[in-house]
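Trainee: Just passing along the structure, written as structure tokens.
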Amino acid sequence: MRHALPAASLALVLAAAVLGGCGGAEYVPLNHPFRDASLLVDADSPAAHWRTDRHAAWLDPIADTPQARWVTEPADLADLDSYLDAARDRRALPVIVVYHVPNQDCGGPAAGGAADAGAYAQFIDRTVAALSDSRAAVILEPDAVADECFDDTRAVLLAGATRRLGEAGQHVYLDAGNSRWRTPEEMAERLRRAGIARAEGFAVNVANRQSTTDSHRWRLRLSHLGGDREMVIDTSRNGLAAPPDDQWCNAAPQALGQPPTTEPKLDRVAALLRIKNPGESDGPCGRGEPAPGVFSPAQARTLIVAAPWLPATARRAAADADAPVN
1 MRHALPAASL
11 ALVLAAAVLG
21 GCGGAEYVPL
31 NHPFRDASLL
41 VDADSPAAHW
51 RTDRHAAWLD
61 PIADTPQARW
71 VTEPADLADL
81 DSYLDAARDR
91 RALPVIVVYH
101 VPNQDCGGPA
111 AGGAADAGAY
121 AQFIDRTVAA
131 LSDSRAAVIL
141 EPDAVADECF
151 DDTRAVLLAG
161 ATRRLGEAGQ
171 HVYLDAGNSR
181 WRTPEEMAER
191 LRRAGIARAE
201 GFAVNVANRQ
211 STTDSHRWRL
221 RLSHLGGDRE
231 MVIDTSRNGL
241 AAPPDDQWCN
251 AAPQALGQPP
261 TTEPKLDRVA
271 ALLRIKNPGE
281 SDGPCGRGEP
291 APGVFSPAQA
301 RTLIVAAPWL
311 PATARRAAAD
321 ADAPVN
């Protein structure tokens, strides 16, 4: 890689984490990175590659729409250069998802992440180095704050990562789960412990299917959070009514939600984004479907066909395409 590691030591990072977790921390001023910003269409996304390889123009509504780039392990950092270069060339704001916290998914189906606190601090250091002088919106650790296994140890790690990334000039949005997961009061307290005072704001509905309206309403109930933090909403697959609570794995029916925009015209909402890459599988789901994070053309087609805001011609093109396997 062309970037050198920063000089900050692991001890300093962990010390910053402890300070970042203090409940009385002063809120940093907001930079509002999405104002007047353009979003990047990732030509290297799995959907774009699948479309090119199979001449599948029906995938245009996904492949030609901006979506986030996920960093889930150290190996992913090597691929950031081309993404950041493309954003720089197009004067677009990169949107990065950092997903590597220890005890990820509390040991559930999507378990993974760093081996321990030290490995995580080093991973955050390497992420800062990879981003270098680029300025990105960083969605920090989906599910980590809302999870059942959120505790003081995790809060310290997240606060340290928020501080480290913020001091390097990145715009951090802590993930806050979704409107059905935690009460506003409980989420506000967890976000404080996780360092929201040093973040630009928080993200909601990542990889979930709660409506934009419900997500926005929930955000307004978080008004007592303080600091006037802003919010981004994931609309990658919330175009239909949310499924019952017990349906989360490649749930049906589902549809693409509203297109990404940096002008959502919703109070205190900075952007609507495709944070979860549309068409990405949640896992086998007991039905032999692709592993978590693997692009599923069958899922992608379902999202397009059912999207109420898409032109009828786009929905029909997907419906008439040869049935993709998985």
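Heads up: the sequence shown begins at 1 in this note's numbering, then just goes up one per residue.
Ideal Cβ positions, reconstructed from N, Cα and C, are used throughout, including at glycine.
All values derive from a computational prediction rather than experimental measurement.
1) Tell me which residues share the same chain as Arg-91 and place their Cβ nearer than 7 Å to its Cβ, disregarding the 5 neighbours each side in the sequence.
2) Whole angstroms is fine: what's the gap from Leu-14's alpha carbon to Ala-194's?
3) Three-state secondary structure (DSSP) at Ser-82?
4) My guess is that Thr-213 and Ala-252 are in contact by the Cβ rule of under 8 Å, so how many angstroms apart are they, rounded?
5) Are Val-41 and Asp-64 touching if we call contact CB-CB under 8 Å?
6) Residues in the same chain with beta-carbon distance under 7 Å from Leu-266, minus the five sequence neighbours each way, listed in chain order, please.
7) Are there 16 or more other CB atoms within 10 angstroms of the CB of Trp-50, so buried, or fewer, so exposed?
8) How many whole angstroms separate the CB atoms of Gly-169 and Arg-135, which I take to be in contact at a CB cut-off of 8 Å?
9) So which of Leu-157, Arg-182 and Met-231 has the shortest CA-CA distance to His-171?
10) Which residue wins for smallest C-alpha separation from Pro-284, given the options Pro-308, Asn-178, Asn-250 and Gly-118?
11) Where Glu-185 and Pro-290 are concerned, what is the direct C-alpha to C-alpha distance, given to the nearest angstrom?
12) Taking the continuous beta strand (DSSP E) assigned at Glu-230, which residues delimit it?
13) I'd like to confirm the pairing. Which residues does DSSP put opposite His-171 in its beta bridges?
14) Work out the CA separation of Arg-229 and Arg-268 for me, nearest whole Å.
15) Would you list the residues sitting across from Ser-38 in a DSSP beta bridge?
16) Compare the C-beta of Asp-81 with all C-beta atoms of chain D and state if any pair is closer than 8 Å.
17) For Ser-211, collect the residues of the same chain with a Cβ closer than 7 Å to its Cβ; drop the 5 residues on either side in sequence, then sort them by chain order.
18) Please list the terminal residues of the continuous beta strand (DSSP E) segment that includes Ala-270.
19) Thinking C-beta only, is Ile-139 closer than 8 Å to Ile-304?
20) Gly-113 and Val-98 - do their beta-carbons sit closer together than 8 Å?
21) Just the Cα atoms here: how many angstroms apart are Ala-314 and Ser-281?
22) Whether or not the segment 29-36 and the segment 56-73 are in contact is what I'm after, with contact meaning three or more pairs of Cβ atoms, one per stretch, closer than 8 Å; do they touch?
23) Gly-23 by DSSP, collapsed to three states: which one?
24) Distance, Cα to Cα, Arg-126 vs Ala-75?
25) Return helix, strand or coil for Thr-213, following the three-state DSSP convention.
26) For Gly-257, which residues of its own chain have a beta-carbon under 7 Å away from its beta-carbon, when the five flanking residues on both sides are left out?
27) For Gly-288, count neighbouring C-beta atoms within 10 Å of its own C-beta (all shown protein chains included) and say buried if the count is 16 or more, exposed if not.
28) Skipping 5 residues on each side, what residues in its chain have a beta carbon closer than 6 Å to that of Ala-307?
29) Confirm, please, whether the CB-CB distance from Ala-117 to Leu-157 is below 8 Å.
30) Note down, one range per segment and in chain order, each alpha helix (DSSP H) of at least 4 residues found wholly within the segment 110-156.
31) Have a look at Leu-310 and Glu-167 and give me their C-alpha separation to the nearest angstrom.
Mentor: To lay it out plainly:
1) Ser-38
2) Residue placement at Leu-14 is poorly supported in this model, since its pLDDT is 43, which falls under 50; the coordinates are not used for a value here.
3) helix
4) Between Ala-252 and Thr-213 the Cβ distance is about 21 Å, and since that is not below 8 Å, they are no contact.
5) yes
6) His-216
7) buried
8) 6 Å
9) Met-231
10) Asn-250
11) 37 Å
12) 230-234
13) Ala-137
14) 8 Å
15) Ala-92
16) The structure shown contains no chain D; it holds only a single protein chain.
17) Asn-238 and Ala-242
18) 269-273
19) no
20) no
21) 22 Å
22) no
23) Here Gly-23 scores only 48 on pLDDT, less than 50, and its place in the model is too uncertain to base an answer on.
24) 11 Å
25) helix
26) Thr-212, Thr-235, Ser-236, Arg-237, Asn-238 and Gly-239
27) exposed
28) Gly-239, Ala-255 and Leu-256
29) yes
30) 117-131
31) 40 Å
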